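Below you'll find the structure, written out as structure tokens, and then a few comments.
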Amino acid sequence: MAKKGVDNAAGANEQGADDRGPVGKGRPTPSRKQAEAANARPIVGSKDKSMVKEQRRQQASQRERARIGMMEGDERYLGPRDRGPQRRFVRDYVDARWSIGELLIPMMLVVLVMTFIPGIMQVVSLIVIWAFVGLAIIDAVLLGVRLKRLLGQKFGEDRVQSGYRWYAAMRAFQFRPLRVPKPQVKRGQRPN
Numbered sequence: 001m002a003k004k005g006v007d008n009a010a011g012a013n014e015q016g017a018d019d020r021g022p023v024g025k026g027r028p029t030p031s032r033k034q035a036e037a038a039n040a041r042p043i044v045g046s047k048d049k050s051m052v053k054e055q056r057r058q059q060a061s062q063r064e065r066a067r068i069g070m071m072e073g074d075e076r077y078l079g080p081r082d083r084g085p086q087r088r089f090v091r092d093y094v095d096a097r098w099s100i101g102e103l104l105i106p107m108m109l110v111v112l113v114m115t116f117i118p119g120i121m122q123v124v125s126l127i128v129i130w131a132f133v134g135l136a137i138i139d140a141v142l143l144g145v146r147l148k149r150l151l152g153q154k155f156g157e158d159r160v161q162s163g164y165r166w167y168a169a170m171r172a173f174q175f176r177p178l179r180v181p182k183p184q185v186k187r188g189q190r191p192n
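Per full-length UniProt numbering, residue 1 is the first one in the sequence shown, and the count goes up by one each step.
This is how it looks when you write it as structure tokens:
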């Protein structure tokens, strides 16, 4: 029975071979040397030193423009995390208020110095820093609750972007002069 299947397959191959017509590409296969010569390209581009210097200078000026634009809050240069009217509103709201989290890093430095003082001061410094961290977290949670209400009023409850609480908290924990993009509002100047 297996022989019958083999015969049928051979017959099908003969019929298919007749239908295809002439086989081949109509030219000889190139030698390896010819193929490599056809694909040869210079390994290093043919640029002279002045062109390279000019290109580097242009790239450096573009990077500097982008850095300044990002620091000033220009939407074209901001990353995806910072883009959009809602993120700008969150930044302005956080920058317009005092946050306990802003003082977290200076407070940690004070506590670090206090841990070198022997005795009860080490215990007191640990209690103080944990209390301060707790207050900063409570402040960040309250900030998120207020922002939820304000963003819902301004942009609509169903259009509020996710992640605004974390964005606001991380900005509130940063020391104000180190924030990127730089604060665009003064303290007390609430966004509209």
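The C-beta atom is built at its ideal place from N, Cα and C for all residues, glycine as well. Being a predicted model, the structure only gives us computed values, none of them experimental.
Please state whether the Cβ-Cβ distance between P191 and D82 is less than 8 Å. Locating residue 191 in the sequence shown gives position 191, counting from the first residue. Locating residue 82 in the sequence shown gives position 82, counting from the first residue. Taking C-beta atoms as the reference points, P191 and D82 fail to come closer than 8 Å.
Is the Cβ-Cβ distance between K182 and M107 less than 8 Å? For the purposes of this step, residue 182 is taken as residue 182 along the sequence shown, with counting starting at 1. For the purposes of this step, residue 107 is taken as residue 107 along the sequence shown, with counting starting at 1. No.
Quick check on the DSSP output: what are the complete alpha helix (DSSP H) runs of length 4 or more inside the segment 38–91, in order along the chain? For the segment 38–91, whole alpha helix (DSSP H) runs of length 4 or above, ordered along the chain, are 49–72.
I believe M187 touches R179 by the beta-carbon criterion, under 8 Å. Please report the beta-carbon distance rounded to the nearest angstrom. Numbered from 1 along the sequence shown, position 187 holds the residue referred to as residue 187. Numbered from 1 along the sequence shown, position 179 holds the residue referred to as residue 179. A small fix is needed here, since residue 187 is Arg in this sequence, not Met. That belief does not hold up - the Cβ atoms of R187 and R179 are roughly 13 Å apart, past 8 Å.
Nearest to Q189 by CA position, among G134, A66 and D95, is which residue? Stepping through the sequence shown from its first residue, residue 189 is reached at position 189. It is D95.
Please classify A168 as buried or exposed, where buried requires at least 16 other C-beta atoms within 10 Å of its C-beta. Numbered from 1 along the sequence shown, position 168 holds the residue referred to as residue 168. In the assembly as shown, A168 is a buried residue. Its beta-carbon has 16 or more other beta-carbons within 10 Å.
Quick one: what does DSSP say P106 is sitting in, helix, strand or coil? Along the sequence shown, read from residue 1 onward, the residue named residue 106 stands at position 106. Annotated three-state conformation of P106 is helix, per DSSP.
Is it the case that the Cβ atoms of V128 and V111 are separated by a distance below 8 Å? Reading the sequence shown from its first residue, position 128 is the one you call residue 128. Reading the sequence shown from its first residue, position 111 is the one you call residue 111. Yes; because the gap between Cβ atoms is below 8 Å, this pair is in contact.
Is the beta carbon of G152 sitting closer than 8 Å to the one on V145? Locating residue 152 in the sequence shown gives position 152, counting from the first residue. Locating residue 145 in the sequence shown gives position 145, counting from the first residue. No.
If you measure between the beta carbons of G163 and D139, is that distance less than 8 Å? Here residue 163 corresponds to residue number 163 of the sequence shown, with the count starting at 1. Here residue 139 corresponds to residue number 139 of the sequence shown, with the count starting at 1. Not closer than 8 Å, so no.
Assuming Y77 and A66 form a contact by the criterion Cβ under 8 Å, report the distance between their Cβ atoms to the nearest whole angstrom. The sequence position of residue 77 within the sequence shown is 77, counting from 1. The sequence position of residue 66 within the sequence shown is 66, counting from 1. Y77 to A66, Cβ: 5 Å. Contact.
Whole angstroms are fine: how far does the CA of L135 sit from the CA of Q174? Translated into the one-based positions of the sequence shown, residue 174 becomes position 174. Translated into the one-based positions of the sequence shown, residue 135 becomes position 135. Roughly 15 Å between the two C-alpha positions.
Pick helix, strand or coil for I117, following the three-state DSSP scheme. For the purposes of this step, residue 117 is taken as the residue at position 117 of the sequence shown. DSSP places I117 outside both helix and strand once states are collapsed to three, so it counts as coil.
Please report the distance separating the alpha-carbon of R97 from that of P85. Taking the first residue of the sequence shown as position 1, residue 97 is located at position 97. Taking the first residue of the sequence shown as position 1, residue 85 is located at position 85. The alpha-carbon of R97 is positioned some 19 Å away from that of P85.
Start-to-end residues for the alpha helix (DSSP H) that takes in W166: Stepping through the sequence shown from its first residue, residue 166 is reached at position 166. Segment Y164 to F173, the alpha helix (DSSP H) holding W166.
What separation, rounded to the nearest whole angstrom, lies between the Cα atoms of residue 235 and F155? Outside the displayed range of the chain (1 to 192) lies residue 235, so it cannot be described from this structure.
Count the other C-beta atoms from every protein chain shown that fall within 10 angstroms of the C-beta of L126, then say buried if there are 16 or more, exposed otherwise. Here residue 126 corresponds to residue number 126 of the sequence shown, with the count starting at 1. L126 is classed as exposed because its beta carbon has fewer than 16 other beta carbons within 10 Å across all chains shown.
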